[in-house]
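*Asks:* In this text, residue positions in the sequence shown follow the numbering used here: the first is 13, and each later residue adds one. We put the beta carbon where it would ideally sit given N, CA and C, even for glycine. All values derive from a computational prediction rather than experimental measurement. What follows is a structure written as structure tokens; I'll ask about it next.
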Amino acid sequence: MTPPDASSSLTVDAKRGEAEARPKGSRGVALFFRRWMANPLRMGSVIPSSPALCKRLVRQAWPKDGEMVLELGSGTGVIARALLAAGLAPERLVVVEIEPDMAEMLRETMPGVTVIEGDARELPRLLPQRLQDRIGTVICGIPLVLLPVTEQRRFIDAMQAVAPGRGFLHYSYCATSPLPWKKHDLAAKREEWTPLNFPPASVWRYTPRVA
Numbered sequence: 013m014t015p016p017d018a019s020s021s022l023t024v025d026a027k028r029g030e031a032e033a034r035p036k037g038s039r040g041v042a043l044f045f046r047r048w049m050a051n052p053l054r055m056g057s058v059i060p061s062s063p064a065l066c067k068r069l070v071r072q073a074w075p076k077d078g079e080m081v082l083e084l085g086s087g088t089g090v091i092a093r094a095l096l097a098a099g100l101a102p103e104r105l106v107v108v109e110i111e112p113d114m115a116e117m118l119r120e121t122m123p124g125v126t127v128i129e130g131d132a133r134e135l136p137r138l139l140p141q142r143l144q145d146r147i148g149t150v151i152c153g154i155p156l157v158l159l160p161v162t163e164q165r166r167f168i169d170a171m172q173a174v175a176p177g178r179g180f181l182h183y184s185y186c187a188t189s190p191l192p193w194k195k196h197d198l199a200a201k202r203e204e205w206t207p208l209n210f211p212p213a214s215v216w217r218y219t220p221r222v223a
């Protein structure tokens, strides 16, 4: 399958699938806001990501044939649903969410997607080996900028363990890189920026530095 930018618009079937998967009414936004109030350090933003940001993430995250996408900190699933709406098969998507109520909602609204409830720092234990061998793209929605460097390193090590050499995409509301990439021995590139998100957001790609 070609990346979504190869066509001018989503197919009718993809749009229908997105509508069917979307949480009914304002359930998703209300749940997101309640969890943000309970623990803002886990959520990062007071509202889910905008369609403009989702579109840019889909463009950057699109996997090669046979590969899967792994999303960490899926929240209400807006990015996951954007991938599905663009034509990614549900069986090629894995999402990890630490909040039990959000993980339950993701299972209910995205049939066929592998939903893992747990701490992303435990990825090597949580993700079955058969899936680790197929991860092509990792999207990190966890607000790493709010964590100390040692905790950032734990998440980075976990991502590298299940997708060695792949690096990861990380979206952030910072004006500059949300990670001290040199300290983590990474290469950093801002792939996308959207002023239409609230707050404005960037998509960064971090990859292991080659000696």
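Between which two residues does the beta strand (DSSP E) carrying E83 extend?
*Replies:* Indexing the sequence shown from 1 puts residue 83 at position 71. Here the beta strand (DSSP E) through E83 covers M80 to L84.
*Asks:* Does the beta-carbon distance from A115 to V125 come in below 8 angstroms?
*Replies:* By 1-based counting over the sequence shown, the position of residue 115 is 103. By 1-based counting over the sequence shown, the position of residue 125 is 113. Not closer than 8 angstroms, so no.
*Asks:* Go through the stretch 103–157 residue by residue and report every complete run of the beta strand (DSSP E) that reaches 3 residues or more, in order.
*Replies:* Counting only runs of 3 or more, we get 105–109, 126–129 and 147–152.
*Asks:* Starting from the C-beta of Y185, find all residues in its chain whose C-beta is less than 6 angstroms away, skip the five residues before and the five after it, and write them out in chain order.
*Replies:* Translated into the one-based positions of the sequence shown, residue 185 becomes position 173. Same-chain partners within the cutoff: P211 and A213.
*Asks:* What is the rounded straight-line gap between the Cα of V90 and the Cα of C66?
*Replies:* By one-based count along the sequence shown, residue 90 stands at place 78. By one-based count along the sequence shown, residue 66 stands at place 54. Taking the straight line joining both Cα atoms gives about 7 angstroms.
*Asks:* Can you give the Cα-Cα distance for G153 and G87, rounded to whole angstroms?
*Replies:* As a working note, residue 153 is residue 141 in the sequence shown. As a working note, residue 87 is residue 75 in the sequence shown. For G153 and G87, the distance between alpha carbons rounds to 8 angstroms.
*Asks:* Just to confirm, are L69 and I151 a CB contact at a threshold of 8 angstroms?
*Replies:* Translated into positions along the sequence shown, residue 69 becomes position 57. Translated into positions along the sequence shown, residue 151 becomes position 139. Yes.
*Asks:* Ends of the beta strand (DSSP E) at P220?
*Replies:* Position 208 of the sequence shown, counted from the first residue, corresponds to residue 220. First-last of the beta strand (DSSP E) with P220: A213 to P220.
*Asks:* Which residue marks the beginning of the alpha helix (DSSP H) containing F266, and which one marks its end?
*Replies:* Residue 266 is absent from the structure shown; the chain starts at 13 and stops at 223.
*Asks:* Do you know whose CA, among T188, A132 and K201, lies nearest Q172's CA?
*Replies:* As a position in the sequence shown, residue 172 is number 160, starting the count at 1. Closest option to Q172, Cα to Cα, is A132.
*Asks:* If I measure Cβ to Cβ from G40 and keep anything under 6 angstroms in the same chain, skipping five residues before and after, which residues do I get?
*Replies:* One-based indexing of the sequence shown puts residue 40 at position 28. Confidence is the limiting factor: at G40 the pLDDT is only 47, short of 50, which leaves the residue's position unreliable, though a coordinate-based value still follows. Answer for G40: T88, listed in chain order.
*Asks:* Out of P207, R221 and Q141, which has the shortest C-alpha to C-alpha gap to A3?
*Replies:* The question about residue 3 has no answer, for the chain in this structure spans 13 to 223.
*Asks:* Which class does K67 belong to by DSSP, given the choice of helix, strand or coil?
*Replies:* Translated into the one-based positions of the sequence shown, residue 67 becomes position 55. Three-state DSSP puts K67 in a helix.
*Asks:* According to the neighbour-count rule (16 or more other Cβ atoms, all chains shown, within 10 Å of its Cβ), is Q164 buried or exposed?
*Replies:* Against the sequence shown, residue 164 aligns to sequence position 152. By the neighbour-count rule (16 or more Cβ atoms within 10 Å), Q164 is buried.
*Asks:* Looking at C-alpha atoms only, which residue of A97, S62 and P136 is the closest neighbour of W74?
*Replies:* Against the sequence shown, residue 74 aligns to sequence position 62. Nearest C-alpha to W74: A97.
*Asks:* Please report how far the alpha carbon of V161 lies from the alpha carbon of D197, in whole angstroms.
*Replies:* Here residue 161 refers to the residue found at position 149 when the sequence shown is read from its first residue. Here residue 197 refers to the residue found at position 185 when the sequence shown is read from its first residue. Using only the alpha carbons, I get a separation of about 12 angstroms.
*Asks:* Thinking C-alpha only, which one of R142, E83 and D145 is nearest L118?
*Replies:* As a working mapping, residue 118 is identified with position 106 in the sequence shown. For the residues R142, E83 and D145, the minimum Cα distance to L118 belongs to E83.
*Asks:* Give the straight-line distance between the Cα atoms of W193 and P112, rounded to the nearest whole angstrom.
*Replies:* The sequence position of residue 193 within the sequence shown is 181, counting from 1. The sequence position of residue 112 within the sequence shown is 100, counting from 1. Their backbone Cα atoms lie some 31 angstroms apart in a straight line.
*Asks:* Please report how far the alpha carbon of P207 lies from the alpha carbon of Y183, in whole angstroms.
*Replies:* Here the question's residue 207 lines up with position 195 in the sequence shown. Here the question's residue 183 lines up with position 171 in the sequence shown. The alpha-carbon atoms of P207 and Y183 are separated by roughly 13 angstroms.
*Asks:* Buried or exposed: where does G177 fall if 16 or more other Cβ atoms within 10 Å of its Cβ makes it buried?
*Replies:* Here residue 177 refers to the residue found at position 165 when the sequence shown is read from its first residue. When all chains shown are included, G177 counts as exposed.
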